[in-house]
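Chains as they are written, first to last, in our numbering: chain A, 896 to 1250; chain B, 896 to 1250.
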């Protein structure tokens, strides 16, 4: 969610599309759809702290000690996954993980979730049980409880949609819009690993032969939502804008910049790429910038807090890396190596609704 | 929701399937799936008042003055609707209505909702806007606010999934399981009108020629969730079990009976059927008992409260009708006319997962 999380079509995850040609009556591009929905249908109310336009919505509940967040995210067969590439437990895990990642991106604690599932009549019973097993196992790890759902027949493959309700930490939700020029940009974990895993699957490699291949496949099939990091950041107050990386750094960073009214510069030599993917023909920079589904956190930290953050950050959590900063200029730039000139960084995630 | 709301496949909405033949490895029938999910994956926690197995889940939120309910429900093209039969505004209305109906069935007030939508690339822009217009218009009528969602490309038609968060009235949620033998059974509105509308659509009638046809088409395309009635009932404490009728009275009543540990007897001559559907070849009794998607409320009232309920019930609300009672015997029975002997009432909603 939230109308900023258009999933990448896996086969085209890293395709760069620059020419946008639209038919008059065709759909708007994603950002325009979001803008229209927000303007026309975004409800304003005292009880809505943040509505359409962030990873999750943030609401006030009368009497509650915290803000609460609500998010929804969906996976459709042959758009977001292939059943021959992903086992039921892995898919159950992933379906919840992509939602928990949205909750993590608000700095909130996931509490409850519901799942709407449409399945073909032929689906074997063990598959269905495995799906729930994978989902519930991940949920338990993060203290999120399955409280209900809806089950339906489908004529054309599996359709999965979840909604997760979470609780803020210290009555504080980290939005995309809080960044200021000069803020340092950090990410958790590694960028481009999931896309490298997808490349392996597209090449027919179901099981990795090397530890790197296995890591990449696992990152793609069973991403780890960064719930603990998100809550830690919300609790400690070091950062002032956050989101998760679902559609590739270049596209997601643009969203943070647009919401915050800034530009950004990203340093290639400081970015936590996954260079071992070269072994199977990937370009780690392209995947790190434009590959989707990392489900890592991207957050902006005022420079005065950077040292405190880096020294207080628990070593047991996934590493964090400073990759650049927000700028007053509204452009997004990319410096491949420290002695090179900045280049424009185009948001190259795949947009479903562009022709 | 909640794993008890398997939607009826429209073309087969009123088919009666008695012979159940299963392959060993095939899926379980619906009630068995629900039972397995509930046993294996239903999380127990102080914060969960009611988890898997009701119209919506009921949760405690720290500090909140009320219980909160969360529900999800989905509509898939050519399973739950056809685009050539339903306009975008109507579909947006219906997608929210089926979810609000679940909230109403708990006696709760809908507050916030999110929508996950997967759409074909070719979908015209006005269609999308119309869909949201229909949805938001109904939401405003019931003070429910659209706070976010997720938008994705689909390769095979429209897939819609909503989640609604609601607030209980007087810290009281009306569950399916509260009924006792001897309780009177009531329903709101008319039974079988939506199924009669579906019959018209199946026969190629897009617009009704008579007021009755138009009523039936509207009941099918734009059902009115009974939010006000649900809240009124929760506030006044007359009834002790409630659910909505989404899959036909016979199937839904069975669910209430199973949860409450009772049987039931239903009087045909007292049931609020839609006899005018005879004009286009329908059997009002069959549609009233087994036709789905009425989205009326079914509720159980202790006999000592029946008179108070009937005299206090506001005339401006949709009429309520006493159709029978819960019984100690676990069977479901049907008395066509007052001087006739009871007949077994078989739950004849269509089960997606039976072969």
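Just so it is clear, CB atoms sit at the ideal spot from N, CA and C, and this is done for glycine as well.
Tell me, to the nearest whole angstrom, how far the beta carbon of residue i is from that of residue j; I am working on the premise that it is less than 8 angstroms.
i, j, result
"residue 997/B", "residue 1089/B", "With 8 angstroms as the limit, residue 997/B and residue 1089/B do not qualify as a contact, their Cβ atoms being about 16 angstroms apart."
"residue 1117/A", "residue 1036/A", "Rounded, the Cβ-Cβ distance is 12 angstroms, inconsistent with contact."
"residue 1034/A", "residue 951/B", "With 8 angstroms as the limit, residue 1034/A and residue 951/B do not qualify as a contact, their Cβ atoms being about 19 angstroms apart."
"residue 1251/A", "residue 1137/A", "Outside the shown range of chain A, which is 896 to 1250, sits residue 1251/A, and nothing can be said about it."
Nearest by alpha-carbon distance to residue i: which of the options is it?
i, options, result
"residue 926/A", "1236/A, 1151/A, 1121/A", "1151/A"
"residue 1023/B", "1058/B, 1185/B, 985/B, 1134/B", "985/B"
"residue 941/A", "933/A, 928/A, 956/A", "956/A"
"residue 1194/A", "931/A, 1055/A, 1220/A, 1183/A", "1220/A"
"residue 1241/B", "1200/B, 1159/B, 1233/B, 1213/B", "1159/B"
"residue 1269/A", "973/A, 1002/A, 928/A, 1121/A", "Outside the displayed range of chain A (896 to 1250) lies residue 1269/A, so it cannot be described from this structure."
"residue 1164/A", "1233/A, 1016/A, 1228/A", "1233/A"
"residue 1045/B", "1184/A, 1153/A, 949/A", "949/A"
"residue 1111/A", "1172/A, 1120/A, 1207/A", "1172/A"
"residue 1041/A", "1007/A, 1015/A, 1011/A", "1007/A"
"residue 1207/A", "1222/A, 1134/A, 1174/A, 1156/A", "1134/A"
"residue 1149/B", "953/B, 1080/B, 964/B", "1080/B"
"residue 1047/B", "975/A, 1124/A, 1216/A, 930/A", "975/A"
What's the gap between the Cα of residue i and the Cα of residue j?
i, j, result
"residue 1074/A", "residue 1061/B", "32 angstroms"
"residue 1004/A", "residue 1126/A", "7 angstroms"
"residue 1021/A", "residue 1027/A", "10 angstroms"
"residue 1209/B", "residue 1067/A", "43 angstroms"
"residue 1235/B", "residue 1218/B", "16 angstroms"
"residue 947/A", "residue 1092/B", "35 angstroms"
"residue 932/B", "residue 1181/A", "42 angstroms"
"residue 1113/A", "residue 1000/A", "21 angstroms"
"residue 1231/B", "residue 1169/B", "15 angstroms"
"residue 1239/B", "residue 1213/B", "29 angstroms"
"residue 934/A", "residue 1025/B", "14 angstroms"
"residue 1192/B", "residue 1227/B", "18 angstroms"
"residue 1100/B", "residue 994/B", "27 angstroms"
"residue 928/A", "residue 1200/A", "36 angstroms"
"residue 1211/B", "residue 1143/B", "25 angstroms"
"residue 1107/B", "residue 1085/B", "13 angstroms"
"residue 1147/A", "residue 1120/A", "16 angstroms"
"residue 1140/A", "residue 1153/A", "15 angstroms"
"residue 916/A", "residue 1083/B", "The predicted model places residue 916/A with a pLDDT of 37, which falls under 50 and marks its position as unreliable; any figure quoted below should be read in that light. Roughly 52 angstroms between the two C-alpha positions."
"residue 1105/B", "residue 1098/B", "15 angstroms"
"residue 1167/B", "residue 1203/B", "21 angstroms"
"residue 1229/A", "residue 1223/A", "15 angstroms"
"residue 1018/B", "residue 1039/B", "27 angstroms"
"residue 964/A", "residue 1174/B", "50 angstroms"
"residue 1157/B", "residue 1052/A", "38 angstroms"
"residue 1031/B", "residue 1009/B", "11 angstroms"
"residue 977/A", "residue 936/B", "25 angstroms"
"residue 1198/B", "residue 1076/B", "10 angstroms"
"residue 962/A", "residue 962/B", "15 angstroms"
"residue 1179/A", "residue 953/A", "35 angstroms"
"residue 1237/A", "residue 939/B", "54 angstroms"
"residue 1216/A", "residue 1225/A", "23 angstroms"
"residue 1131/B", "residue 960/B", "18 angstroms"
"residue 930/A", "residue 979/A", "36 angstroms"
"residue 919/B", "residue 983/B", "With a pLDDT of 36 at residue 919/B, under the threshold of 50, the predicted position of this residue should be treated as unreliable, and no value is reported."
"residue 1205/A", "residue 1243/A", "30 angstroms"
Just to confirm, are residue i and residue j a CB contact at a threshold of 8 angstroms?
i, j, result
"residue 1002/A", "residue 944/A", "no"
"residue 987/A", "residue 958/A", "no"
"residue 1059/B", "residue 981/B", "no"
"residue 1096/A", "residue 1115/A", "yes"
"residue 1196/A", "residue 1078/A", "yes"
"residue 1015/A", "residue 1056/A", "no"
"residue 1087/A", "residue 1176/A", "no"
"residue 1155/A", "residue 1071/A", "yes"
"residue 971/A", "residue 1013/B", "yes"
"residue 1123/A", "residue 1011/B", "no"
"residue 1109/A", "residue 1103/A", "yes"
Uninterrupted alpha helix (DSSP H) stretches inside the segment 1087-1175 of chain B (no shorter than 4 residues): 1088-1097, 1106-1116, 1122-1131, 1144-1155
Within the segment 1022-1063 of chain A, ranges of the beta strand (DSSP E) (whole runs, at least 3 residues): 1040-1049, 1054-1062
Every unbroken alpha helix (DSSP H) inside the segment 911-997 of chain B [4 residues or more]: 925-936
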